[in-house]
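Read through the structure below, which is laid out as structure tokens, and then see the notes.
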Amino acid sequence: MQSSSGSRMHEGSETISKRATKIPPPTPTHTDSYVKDSTPEAGTGSNNHYKSKLSPFRYTLRSKCLPLIRAENDILLSVQTNLRNPWLDLYFAWTANLASHTFYVLMLPIPLWFGGGKLARDLVHVLGLGIFFTGNLKDYLCLPRPRSPPLHRITMSTYTAQEYGFPSSHSANATAVTLVFFHHIMNTEQISGLGKIILYVILAIYYVSLIFGRIYCGMHGFFDVITGAVLGIVLFLFRTYFGTTFDNLQLSTLGWFSPILIIVGYVSLIHFHSEPVDDCPCFDDSVAFIGVLIGLDTSHWWFVRSGYLGGEIYAIPFNFAELGILKTCLRVILGIVLVATWKAISKPIIFTILPPVYKTVGVYLPRRNFEATAFSTKTTRQIRSQSLSNMNRQEKNGDFIHTHGKRDDIGPENDIDVYEMLDYEKERRKSMDFDEPDIVPNSPSPVLSGVFRPRYDVEIVGRLIVYAGVATFATWGFTVATEFTNLS
1 MQSSSGSRMH EGSETISKRA TKIPPPTPTH TDSYVKDSTP EAGTGSNNHY KSKLSPFRYT
61 LRSKCLPLIR AENDILLSVQ TNLRNPWLDL YFAWTANLAS HTFYVLMLPI PLWFGGGKLA
121 RDLVHVLGLG IFFTGNLKDY LCLPRPRSPP LHRITMSTYT AQEYGFPSSH SANATAVTLV
181 FFHHIMNTEQ ISGLGKIILY VILAIYYVSL IFGRIYCGMH GFFDVITGAV LGIVLFLFRT
241 YFGTTFDNLQ LSTLGWFSPI LIIVGYVSLI HFHSEPVDDC PCFDDSVAFI GVLIGLDTSH
301 WWFVRSGYLG GEIYAIPFNF AELGILKTCL RVILGIVLVA TWKAISKPII FTILPPVYKT
361 VGVYLPRRNF EATAFSTKTT RQIRSQSLSN MNRQEKNGDF IHTHGKRDDI GPENDIDVYE
421 MLDYEKERRK SMDFDEPDIV PNSPSPVLSG VFRPRYDVEI VGRLIVYAGV ATFATWGFTV
481 ATEFTNLS
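This is the structure in structure tokens:
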């Protein structure tokens, strides 16, 4: 029985491979030999896998949405088949990084350091909440990305491919950021009419490249992208029409209660974040951006409360006419050094202090994929070492470029891919009026390959503190440092 099942799986794999050749591959280079790891993609398990682990309501929603995603595959395949070009591969693979989480973390402090505090605050809020809500929806519904094969995955990072597909966080980020910049440019009188037109064109190219690029690269379908765009619009509208009221309430009206409410409110979002069935990194991204929001809001609250900058919420002093090009560049270097130093020093200190505290106090943050530090039989030294290794590994393998050679992935690379592809082939054959018996593999469900890396709940609070510190050093730390170094 097993040999019969194995032969059918082998035949199905050959069928898929033959159909996949319909798409002309890009011009071969030395970079095309990149070998992807064998970790199964999120959302590609069997129906029973999700039915047994999701609540009835979540499973029903997933079952309603899944046919919409599968129905798009033929259209997406047609788009790729007709438009595929080596230069477009390169262009869309690179431009995808302009909406990655890592890119925003690197770029967001820049306007903050050059007098654009209001713009930076708007961007951090729409992006932070966008990452949280898209990540929450991804983990709640556990929906896969478009199938590959038949689609080719054109990407320069394995990180985003590990996430669920719906909704598109790239789409939500790009939409919110584009609208925030558009609104800011439109209301800035210092920019000439021609200057505004040029900036609008740049924004349009940025937005179209990112949105269409997700379709072209086989990373998302129309359902993913449209839903992400709608979410980005909602976040922009909320920030535009209620942002000032929210800031005044949070930073001025509530007084000394404000930092407590800020921390409790944001930590509550983490507590209620959906738990995924598969190993998906969305939760880590949400925790990181929630940490940034905590650090930014508490720093701005202290600016107001202390009167350090004359009670100004947003402005860190900057005057290019007084500083000149050299000191302006030194400000950027100073800011980067502050943030990098904090991250390098804080992580070992935090993970030295927290594990014994967890064990002594009995702190327990229940989460499916995290082991309770308080009840672990491992020593605090072992937990510290593993937690640091996990966090450094995740940051090294972030969604920004780290595998320059990787652009094109396709093909079933593990048992789950084979199961999914056979199901896809069966549906296509039925739609073409072929009779085909159901293929039900009798082999046991495949398991994750590779060495299991335990994760501890102490990593959640540790990550939160690290990224809250990043925002604090990018605001308060930078302000004090520029005054001390005469760069303000």
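Going left to right, the sequence shown walks through residues 1 to 488 as UniProt numbering numbers them.
Don't be surprised by glycine CBs; every beta carbon is placed ideally from N, CA and C.
Please name the residue, chosen from the options, that lies closest to residue i on a Cα-to-Cα basis.
i: Y241; options: D122, D278, G469; result: D122
i: G232; options: L127, W476, K118; result: L127
i: A468; options: L210, D297, V177, C282; result: D297
i: P355; options: L334, G462, E72; result: G462
i: S52; options: L179, P276, F238; result: P276
i: I270; options: I260, P259, F283, D278; result: F283
i: D285; options: F484, V105, E41; result: V105
i: N319; options: I333, F473, S306, W113; result: W113
i: V208; options: D278, A229, G324; result: A229
i: G45; options: D279, E483, V225, M186; result: D279
i: S299; options: G117, R84, L66, D89; result: G117
i: V234; options: R84, G324, F133; result: F133
i: R58; options: F238, L251, E41, K138; result: K138
i: L210; options: T178, N187, I198, Y200; result: T178
i: T328; options: E189, I353, L90, T485; result: T485
i: F473; options: I185, T227, L334, V357; result: L334
i: G255; options: L237, I154, I226, F303; result: F303
i: V225; options: L68, E189, L90, L83; result: L68
Do we get a CB-CB distance below 7 Å when we pair residue i with the residues of chain B?
i: Y164; result: Checking the listed chains, one finds no chain B in this structure; it contains a single protein chain.
So, helix, strand or coil for residue i, using DSSP?
i: L77; result: helix
i: N143; result: With the sequence shown as reference, residue 143 is identified as Leu, and Asn is not the correct amino acid for it. Coil, per DSSP.
i: M186; result: helix
i: H273; result: coil
i: G116; result: coil
i: G232; result: helix
i: K36; result: Unreliable positioning characterises K36 in this predicted model, as indicated by a pLDDT of 39, which lies under 50. A coordinate reading is not provided.
i: C65; result: helix
i: G295; result: helix
i: I191; result: coil
i: E322; result: helix
i: F484; result: helix
i: N85; result: coil
i: T44; result: coil
i: C217; result: coil
i: K343; result: helix
i: E163; result: coil
i: L334; result: helix
i: D278; result: coil
i: I465; result: helix
i: G307; result: coil
i: E72; result: coil
i: P317; result: coil
i: V258; result: Here the sequence assigns Ser to residue 258, which means Val is not the residue at that position. Three-state result, S258: helix.
i: S52; result: coil
i: S100; result: coil
i: L129; result: helix
i: G477; result: helix
How about residue i and residue j: do their beta carbons lie closer than 7 Å?
i: F92; j: G213; result: yes
i: L143; j: V287; result: no
i: I263; j: I294; result: yes
i: A204; j: A99; result: no
i: A96; j: G130; result: no
i: A172; j: V292; result: no
i: Q162; j: P281; result: yes
i: L119; j: P109; result: no
i: S346; j: V458; result: no
i: N73; j: P149; result: no
i: N48; j: S274; result: no
i: S488; j: P317; result: yes
i: A125; j: R305; result: Contrary to the premise, residue 125 reads as His rather than Ala in this sequence. Cβ atoms of H125 and R305: not closer than 7 Å.
i: Y164; j: A344; result: no
i: L251; j: W301; result: yes
i: L77; j: L151; result: yes
i: I185; j: D89; result: no
Does the ligand MN have a heavy atom nearer than 6 Å to the CB of residue i?
i: V267; result: By its list of ligands, the structure shown contains no ligand whatsoever, and the ligand MN lies outside what it can speak to.
Determine, using beta-carbon pairs with one atom in the stretch 205-221 and one in the stretch 164-175, whether at least three such pairs fall under 8 Å. yes
Given 8 Å, three or more beta-carbon pairs between the stretch 242-249 and the stretch 182-193: no
Inspect the CB distances between the stretch 338-350 and the stretch 467-487 and report whether three or more fall short of 8 Å. By the Cβ criterion, the stretch 338-350 is in contact with the stretch 467-487, since at least three pairs of Cβ atoms, one from each stretch, lie closer than 8 Å.
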